[in-house]
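Student: Those protein sequence lines, which keep their order, are chains S and D. First residue of the first sequence: 2, per the numbering used here; consecutive thereafter. First residue of the second sequence: 24, per the numbering used here; consecutive thereafter. Heads up, the beta-carbon is just placed ideally off N, CA and C, and yes, glycines get one too.
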Amino acid sequence: MIFNQLTGLHQHIGNWPGKTVERAEGTLHFKGYTIDIVDLPGIYSLSAFSLEELISREYIIFEKPDLVINVVDASALERNLFFTLQLMELEAPLIIALNQIDMAEKKGIKIDYKRLEEILGVPVIPTVAIRGKGVYELLNRAVEAIERGVPKPATIKYGEEVEERIKRLSEALKDLQLKYPTRWVAIKLLEGDEQIEREIYRLNPGTKDLVKEIAAEIESIHGHPCPTVITSERYEMAGRIAREVQRILPAIKAPLIERVHNITTHGVAGYIIMALVVLGIFHAIFSFGGFLSEMLSEFLYGYESLFESTLGVGPLKDIIWGGVIEGMIANITIALPYIIPFYLILYTLEDSGYLARIAFLMDVVMHKIGLHGKAFIPIMLGYGCNVPACLGCRIMETERERLLAGFITTLIPCAARTVIILGLVGTFLGIQWALALYVIDLVIVFILGRIAFKTLPGEPTALIMEMPDYRLPHMKTIIKQTWFRLEEFLKISFPLIIASGIIIKLTEIFGLLSVLSQALSPVTVGWLGLPEIVGITLIFGVLRKELTLVILATLLGTTDFRSVLTPVQMFVFALVVMLYVPCVATVAACIKEFGFRRSLIIVLIEIALAIFIGGITYRLMTIFSILEGW
Amino acid sequence: MEVPLTALREGETGVITSIKVGSGCAGRFCRGIYKRLEDMGLTPGTKVTMLKSAPFHGPVEIYVRGYRLALGRGMAERIIVEVQR
């Protein structure tokens with residue numbers, strides 16, 4: 002938020018080199034200076050156990066930024082100071098933005114920030130970033146600090162027994178040529194930080210015995226493992242400082258927020274509200290989106306005749322119009338009416354704090370498939386578009402959880418697949434059959450997720466998530482988030498769609514499509530009971546799922562699918578299209594996140610799955626005469 | 024009385040005495056999860072208040088060090104607390 006306020010829209014989002022962690026950078030002009038601002042991942046600690054923590058730590062140590070702005074949540078001062086203390090130990094040039102002071106005050110927390118400044122020895126500026134309050138002052142003080150030289154933060158002392166031993170270890174480390182502050186290294190060694198251990202013990206193997214000896218002493222005094230003692234004491238320091246600078250008054254906050262929180266996490270009411278919210282969103286998006294999408298595509302296709310009159314009819318027009326422009330139209334008619342509104346709503350829910358409640362409620366279900374509640378968020382994103390959903394799996398903590406969640410999100414029917422499900426099954430068979438497809442999909446997701454969870458070796462999973470207070474969503478943040486997701490979608494899918502559109506058009510011109518669909522006919526006709534021509538649409542569908550319906554209409558020469566497909570065929574067709582393979586853009590996103598081999602496995606599994614389930618469904622429906630004479 | 028965190032009733036407070044590391048869990052990852060719990064402020068001697076326990080063996084919501092934390096049930100069961108009455 003502070004980052005957004007400082008940089009506005011002059012941002013560049015990328016990845017940390019070689020890492021799947023987002024890196025946001027921005028530039029700012031202030032008092033004649035050009036200031037580069039890097040947004041470090043939001044973390045709770047500086048240990049090296051998560052990628053985000055490691056990245057932040059290495060950035061501060063090796064890139065040596067002029068200044069680190071530590072955004073501290075004033076309404077949870079103790080926990081936040083725990084992190085601040087670690088930055089101070091790292092001797093980072095520090096300035097503190099004491100943020101959300103309005104929220105803190107509502108909770109009855111009043112902070113003497115001058116006193117905090119004295120204790121920590123670093124500038125503390127109260128801000129309300131959401132309203133831009135204090136941001137100018139923050140910048141002013143930041144520039145001032147850099148001009149005058151950033152003061153070295155105070156050394157906050159541990160308990161006597163621990164402090165004395167940190168000193169002893171620091172003394173022993175003093176003569177090594179270290180890239181890090183000595184005291185920090187001593188603390189990290191006692192915390193059992195593997196990365197630092199490796200480096201120091203390589204430099205001077207003799208240190209190892211001393212660390213062991215000191216750790217054992219601390220352990221025997223306190224009765225807990227040494228790393229636990231260090232963390233514990235650091236928290237004690239944070240707590241002591243927090244208690245000294247804050248005064249707790251009776252809360253003036255309306256109990257409304259509490260009540261909303263209680264009811265939305267309630268064992269019964271919470272689930273009912275969640276179901277209503279989720280269904281409400283889908284209903285709103287797809288009834289509104291369908292309408293808008295139709296209007297848009299009618300409008301855009303209106304240009305085809307104009308195009309024909311300038312370029313003429315022929316292979317060139319086919320390639321440019323059919324390959325390039327139709328691809329763009331499809332992108333627009335999916336992105337504008339479906340993806341944008343969907344993400345706007347989703348991020349409004351996230352920013353208000355509601356998604357954290359959903360994650361809380363869904364944790365039980367997610368555990369059954371080896372994930373925890375937070376995985377619900379990329380899954381929701383998947384209903385909009387699988388590309389950002391796949392990238393969104395980064396919020397999961399471990400490699401394995403990311404892969405599991407990624408696999409599952411590719412099976413979630415995105416907006417494009419919903420267009421087919423509603424356009425074919427919903428229109429001609431009735432909405433209950435369309436809903437049946439969604440239910441089947443969820444069942445499949447659940448079963449497959451469970452199998453994948455049982456077969457993928459690895460670590461147990463656990464939800465550890467801060468529950469933010471509810472607050473009014475901030476429009477600018479929401480729009481920005483939506484824009485970044487849309488950008489991901491466009492960046493990955495646009496070039497792919499156009500390139501492969503051209504290739505397919507060329508295959509068509511050379512008459513290879515019928516050869517391909519003939520080759521597929523044992524599967525499409527023999528096993529799935531579909532017309533042979535469907536083979537072609539399935540090939541197109543790899544590019545963009547919604548194409549399958551358009552192509553089918555073109556090939557069959559009608560949009561009244563009732564006259565050319567039996568009800569069972571429609572149902573099976575939609576089912577297969579829903580499952581058979583993620584579109585190229587999603588595959589590309591998968592490769593980016595999980596590597597080529599794993600993505601290939603996902604694709605193969607899903608093709609096999611779609612064919613298997615499609616065939617079984619076809620046979621069951623025929624045997625039991627389901628949908629006959631509809 | 025020492026009980027797992029999950030045994031606290033809503034509104035009850037306990038002081039953490041230890042965190043049990045599971046038997047089938049060893050190596051770097053378990054230390055990771057252990058460390059994450061500690062980094063979130065769940066260290067021995069810390070007061071935690073049970074706010075809510077989700078049904079069907081769902082997660083728990085606790086109040087610790089001035090903020091609200093959601094914890095998966097499996098994790099919460101490993102946190103041993105001394106009940107304060």
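Name the chain D residues that come within less than 9 Å of Asp-364 (chain S), Cβ to Cβ?
Tutor: Ala-77, Gly-81, Pro-82, Ala-93, Gly-95 and Arg-96
Student: What first and last residue would you give for the alpha helix (DSSP H) that runs through Thr-35 (chain S)?
Tutor: That residue, Thr-35 (chain S), is in no alpha helix (DSSP H); its beta strand (DSSP E) goes 34 to 40.
Student: Quickly, what does DSSP pair Ile-249 (chain S) with across the bridge? List them, please.
Tutor: S:Ile-110
Student: Only counting the same chain, and skipping five residues up and downstream in sequence, which positions put a Cβ closer than 6 Å to that of Leu-412 (chain S)?
Tutor: Within the same chain, Cβ atoms closer than 6 Å to the Cβ of Leu-412 (chain S) are found at Val-446, the five residues on either side in sequence being excluded.
Student: For Leu-60 (chain D), would you say it is in contact with chain S, using Cβ-to-Cβ distances shorter than 9 Å as the test?
Tutor: yes
Student: Tell me the rounded alpha-carbon separation between Ala-357 (chain S) and Ser-76 (chain S).
Tutor: 18 Å
Student: Assign Phe-287 (chain S) to buried or exposed, taking buried as 16 or more other Cβ atoms, counted over all protein chains shown, within 10 Å of its Cβ.
Tutor: buried
Student: Would you call His-30 (chain S) buried or exposed, if buried means 16 or more other Cβ atoms sit within 10 Å of its Cβ?
Tutor: exposed
Student: Return the residues of the region 535 to 555 of chain S that lie within a Cβ-Cβ distance of less than 8 Å from chain D, sorted by chain order.
Tutor: none
Student: Can you tell me whether Asn-332 (chain S) is helix, strand or coil according to DSSP?
Tutor: helix
Student: Nearer than 8 Å: is that true of the beta carbon of Leu-179 (chain S) relative to any heavy atom of the ligand SAM?
Tutor: With respect to the ligand SAM, the structure offers nothing, as it holds no ligand at all.
Student: I think Val-578 (chain S) touches Ile-452 (chain S), with their Cβ atoms under 8 Å apart; what is that distance to the nearest whole Å?
Tutor: Going by Cβ atoms, the distance from Val-578 (chain S) to Ile-452 (chain S) rounds to 23 Å, so no, they are not a contact pair.
Student: For the candidate residues S:Gly-596, S:Ser-600 and S:Phe-572, whose alpha-carbon lies nearest to that of Cys-584 (chain S)?
Tutor: S:Ser-600
Student: At 3 residues or longer, and completely inside the region 193 to 260 of chain S: list those beta strand (DSSP E) runs for me, N to C.
Tutor: 247 to 249
Student: Using a C-beta cutoff of 9 Å, does Phe-377 (chain S) count as contacting chain D?
Tutor: no
Student: Going by alpha carbons, who is nearest to Ser-494 (chain S) out of S:Met-476, S:Gly-122, S:Leu-345 and S:Ala-417?
Tutor: That would be S:Ala-417, whose Cα lies nearest to the Cα of Ser-494 (chain S).
Student: So, does the CB of Glu-467 (chain S) fall closer than 9 Å to a CB anywhere in chain D?
Tutor: yes
Student: Any C-beta of chain D sitting closer than 9 Å to the C-beta of Asp-470 (chain S)?
Tutor: yes
Student: So is His-284 (chain S) buried or exposed if we call it buried at 16+ other beta carbons inside 10 Å?
Tutor: exposed
Student: Taking a cut of 7 Å between CB atoms, which residues from the region 581 to 595 of chain S lie near chain D?
Tutor: Answer in chain order: no residues at all.
Student: Spell out the partners DSSP gives Glu-84 (chain D) in its beta bridges.
Tutor: D:Lys-75 and D:Ala-93
Student: Which bits of chain D does Leu-610 (chain S) rub up against, with CB to CB less than 8 Å?
Tutor: Within chain D, no residue comes near Leu-610 (chain S); the closest Cβ sits about 29 Å away, beyond 8 Å.
Student: Can you find a C-beta in chain S that's less than 9 Å from the C-beta of Met-63 (chain D)?
Tutor: yes
Student: Taking Cβ positions only, does Thr-66 (chain D) come closer than 9 Å to chain S?
Tutor: yes
Student: May I ask you to list, following chain order, the residues of the region 28 to 55 of chain S that have a beta carbon less than 8 Å from some beta carbon of chain D?
Tutor: Tyr-45, Ser-46, Ser-48, Phe-50 and Ser-51
Student: Let me know if Pro-154 (chain S) comes out buried or exposed under the rule of 16 or more other beta-carbons within 10 Å of its beta-carbon.
Tutor: buried
Student: Relative to the C-alpha of Ile-505 (chain S), which candidate in S:Ile-167, S:Thr-567 and S:Gly-324 has its C-alpha closest?
Tutor: S:Gly-324
Student: Using a threshold of 9 Å, state whether the C-beta atoms of Glu-59 (chain S) and Val-39 (chain S) are closer than that.
Tutor: no
Student: For Lys-175 (chain S), is the classification buried or exposed, using 16 other Cβ atoms within 10 angstroms of its Cβ as the cut-off for buried?
Tutor: exposed
Student: Quick check on Gly-542 (chain S): does DSSP put it in helix, strand or coil?
Tutor: helix
Student: Assuming Asp-470 (chain S) and Ile-258 (chain S) form a contact by the criterion Cβ under 8 Å, report the distance between their Cβ atoms to the nearest whole angstrom.
Tutor: 6 Å
Student: What are the boundary residues of the beta strand (DSSP E) that includes Asp-74 (chain S)?
Tutor: 69 to 74
Student: Considering only the alpha carbon of each residue, which of S:Pro-251, S:Leu-464, S:Arg-149 and S:Leu-392 lies closest to Glu-488 (chain S)?
Tutor: Ranking S:Pro-251, S:Leu-464, S:Arg-149 and S:Leu-392 by Cα distance to Glu-488 (chain S) puts S:Leu-392 first.
Student: Helix, strand or coil for Ala-520 (chain S) per DSSP?
Tutor: helix
Student: Give the residues of chain S in contact with Ile-56 (chain D), contact being defined as C-beta atoms less than 7 Å apart.
Tutor: Ala-463
Student: Can you look up Met-367 (chain S) in the DSSP assignment and give me helix, strand or coil?
Tutor: helix
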